[in-house]
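Asks: Under full-length UniProt numbering, think of the first position of the sequence shown as 1, with each following residue one higher. Below are the structure tokens for one structure; questions will follow.
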Amino acid sequence: MADELVFYTNPVSRGRIVRWMLEEVGRPYRTELLDFGTTMKAPAYLAINPMGKVPAIKHGDTVVTEAGAICAYLADVFPEAGLAPPHGDPRRGPYYRWMFFAAGPVEASVSNKALGFEVPKERRGTIGYGAMEDVLNALEYAVSQSEYLAGDQFTAADVYAGSQIGWGMMFGALEKRPAFEAYWQRISSRPAAIRAREIDDALRQPAP
1 MADELVFYTN PVSRGRIVRW MLEEVGRPYR TELLDFGTTM KAPAYLAINP
51 MGKVPAIKHG DTVVTEAGAI CAYLADVFPE AGLAPPHGDP RRGPYYRWMF
101 FAAGPVEASV SNKALGFEVP KERRGTIGYG AMEDVLNALE YAVSQSEYLA
151 GDQFTAADVY AGSQIGWGMM FGALEKRPAF EAYWQRISSR PAAIRAREID
201 DALRQPAP
């Protein structure tokens with residue numbers, strides 16, 4: 001029997017990114033819904049993720065946390081889904097590049113902006129992302145070079161980085177640049193993306 005795949009999430013969290021990835025993978029998985037401040041901080045879940053945050057997955061005996069890491073893990077464990085360029089493929093370079101760019105500079109700069117913090121101009125050299133404008137320009141470059149971040153192949157990098165672009169524009173954390181809007185329209189209309197949104201949106205509704 002294949003190892004069970006368990007998904008720990010909340011429908012108003014970054015778990016929505018992993019839900020999309022799971023739907024792209026197309027393998028059966030079981031969802032465990034957790035609440036902020038209660039079941040996320042309970043001993044049973046802290047044994048899965050000591051941070052007490054979602055998302056997380058458990059695949060057999062393997063636990064993976066952090067949305068970007070989960071997306072990369074699922075792409076590698078289920079290669080038949082075609083969500084990562086194979087090892088040795090030159091597209092593996094941009095795949096890693098933009099996956100980690102989203103996990104680092106994009107995440108940090110958007111979080112700081114949401115908190116109203118701006119790095120002083122004279123201190124930009126001491127922080128990885130420099131300035132928000134630098135991040136936006138690099139991200140615009142990334143989505144403008146080809147149809148997807150790794151070239152002509154849709155990958156886990158598009159799920160992860162693309163979700164940040166979509167959410168960022170929705171909540172005003174990222175400028176609605178034409179390149180971002182065109183890229184988001186391309187990837188958010190995928191059947192798996194639509195299914196994932198429908199599942200999580202339904203889970204947000206109070207029970208009758």
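Yeah, the Cβ is synthetic: ideal placement off N, Cα and C, and Gly gets one too. Keep in mind it's a predicted model, so treat the numbers as computed, not measured.
Between Arg204 and Pro11, is the Cβ-Cβ spacing less than 8 Å?
Replies: Contact: yes.
Asks: Taking DSSP as the reference, what is the three-state secondary structure of Thr155?
Replies: In the structure shown, Thr155 sits in coil (DSSP, three-state: anything other than H, G, I, E or B).
Asks: Using the three-state DSSP reduction, which class does residue 214 fall into: helix, strand or coil?
Replies: There is no way to answer for residue 214, as the model of the chain reaches only from 1 to 208.
Asks: What is the DSSP secondary structure of Lys121, reduced to helix, strand or coil?
Replies: Correct three-state label for Lys121: helix.
Asks: Which residue marks the beginning of the alpha helix (DSSP H) containing Lys113, and which one marks its end?
Replies: Segment 107 to 114, the alpha helix (DSSP H) holding Lys113.
Asks: Whole angstroms is fine: what's the gap from Glu32's alpha carbon to Gly68's?
Replies: Approximately 19 Å, taken between the alpha carbons.
Asks: Please state whether DSSP places Arg16 in a helix, a strand or coil.
Replies: Residue state, collapsed to three classes: helix.
Asks: Assuming Phe180 is part of the beta strand (DSSP E), what are its boundary residues?
Replies: Phe180 -> not in any beta strand (DSSP E); alpha helix (DSSP H) instead, spanning 178 to 188.
Asks: Whose C-beta lies closer than 7 Å to the C-beta of Met1 among residues of the same chain, with five residues either side of it excluded?
Replies: Because the pLDDT of Met1 is 42, which lies under 50, any placement of that residue in the model is unreliable, and the number read from its coordinates should be weighed accordingly. Cβ neighbours of Met1 beyond the five flanking positions: none.
Asks: What is the rounded straight-line gap between the Cα of Glu118 and the Cα of Ala142?
Replies: Each residue's alpha carbon lies about 23 Å from the other.
Asks: I need the boundaries of the alpha helix (DSSP H) containing Ile70, first residue and last residue.
Replies: 67 to 77 is the extent of the alpha helix (DSSP H) around Ile70.
Asks: What is the rounded straight-line gap between the Cα of Met40 and the Cα of Leu46?
Replies: Each residue's Cα considered, the two are about 7 Å apart.
Asks: Give every residue of the same chain whose Cβ lies closer than 7 Å to the Cβ of Ala150, excluding the five residues on either side of it in the sequence, and list them in chain order.
Replies: So the list reads Pro85, Arg91, Pro94, Tyr95, Ala157, once near-sequence residues are dropped.
Asks: Under 8 Å between the Cβ atoms of Phe154 and Ile194?
Replies: For Phe154 and Ile194, no; Cβs fall outside 8 Å.
Asks: Could you tell me whether the Cβ atoms of Ala81 and Gly130 are closer together than 8 Å?
Replies: No; because the gap between Cβ atoms is not below 8 Å, this pair is not in contact.
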